[in-house]
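Asker: Heads up, the numbering used here is the position in the sequence shown plus 26, with the first residue counted as 1.
Where is the CB? At the ideal position from N, CA and C, for every residue including glycine.
One structure, as structure tokens, below. Some questions next.
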Amino acid sequence: MEKREQAIEYFECKNLPSGEYRELCEKAQRVLPDAYSAYSGFSVGAALLLENGEVITGTNQENAALPSGMCAERTALFYAGSRFPQVRVRAMAIAAADRNGPVKEYVAPCGACRQVMAETIRRGGDFDVILCGEERTILLRASALLPFPFEDSKTVRLEEVF
27 MEKREQAIEY FECKNLPSGE YRELCEKAQR VLPDAYSAYS GFSVGAALLL
77 ENGEVITGTN QENAALPSGM CAERTALFYA GSRFPQVRVR AMAIAAADRN
127 GPVKEYVAPC GACRQVMAET IRRGGDFDVI LCGEERTILL RASALLPFPF
177 EDSKTVRLEE VF
């Protein structure tokens with residue numbers, strides 16, 4: 027079996043290799059005030075770039091009846107899948123802020139969001155993910171976030187991953 031390598035690149039947000047990706051990070055940051063994070067005080071914004079050039083944004087939406095809320099990443103991915111079901115995701119940027127403002131370090135998606143990303147990959151192909159922090163930003167492939175996704179009754183063998 028061939029071993030798969032996953033490259034992770036670190037940047038300052040302003041130094042991302044693509045102007046398109048810098049813009050995507052800025053859009054994820056701009057929607058942070060739209061998050062409903064009344065309970066945690068932790069806001070997350072996501073921005074998706076679709077193959078057709080559309081940009082879809084989403085924010086986390088909390089609810090007192092846990093776990094009835096929704097993460098920003100799933101909000102954006104589900105909306106894109108509903109609005110543009112045949113259009114491939116090219117990239118996703120994720121930004122976060124706490125009560126003191128934007129986070130300095132990037133934040134990674136939760137497990138449920140990673141699984142939804144895995145389904146998105148299965149339907150349309152892998153895509154870039156930009157985890158945007160004020161001081162440190164990561165660029166990686168969505169497939170690197172969840173090495174053992176749930177799949178249609180298919181058993182994933184360790185040799186297929188490593």
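1. Only counting the same chain, and skipping five residues up and downstream in sequence, which positions put a Cβ closer than 8 Å to that of Leu76?
2. Give the DSSP bridge partners of Phe37, in chain order.
3. How many angstroms separate the CA atom of Lys29 from the CA atom of Ile156?
4. Which same chain residues, not among the five before or five after Pro26, have their C-beta less than 6 Å away from its C-beta?
5. With which residues is Pro128 paired in a DSSP beta bridge?
6. So, is Ala54 buried or exposed, given that buried needs 16 or more other C-beta atoms within 10 angstroms?
7. Could you tell me the boundaries of the alpha helix (DSSP H) in which Val155 lies?
8. Using alpha carbons as the reference points, say which of Thr85, Ser44, Ile34 and Leu50 lies closest to Tyr58.
9. Skipping 5 residues on each side, what residues in its chain have a beta carbon closer than 8 Å to that of Ala90?
10. What is the DSSP secondary structure of Gly107, reduced to helix, strand or coil?
11. As a quick exercise: from Thr101, Gly159 and Thr146, pick the residue whose alpha carbon is nearest that of Leu171.
12. Where Ser69 and Ala121 are concerned, what is the direct C-alpha to C-alpha distance, given to the nearest angstrom?
13. So, is Arg48 buried or exposed, given that buried needs 16 or more other C-beta atoms within 10 angstroms?
14. Under DSSP, the alpha helix (DSSP H) around Ala138 begins and ends at which residues?
Answerer: Short version:
1. Ile82, Ala106, Phe110, Val113, Arg114, Val115 and Arg116
2. Thr163
3. Note that Lys29 scores a pLDDT of 49, beneath 50, so its modelled location is shaky; the value from the coordinates is reported in the next line. So the two alpha carbons sit approximately 24 Å from each other.
4. No answer is possible for residue 26: the residues shown for the chain start at 27 and end at 188.
5. Ala123
6. buried
7. Taken as a continuous stretch (DSSP letters only), Val155 belongs to no alpha helix (DSSP H), being part of the beta strand (DSSP E) at Asp154 to Cys158.
8. As written in the sequence, residue 58 is Leu, which differs from the Tyr given in the question. Considering only alpha carbons, the answer is Thr85.
9. Tyr65
10. helix
11. Thr146
12. 8 Å
13. buried
14. Gly137 to Gly150
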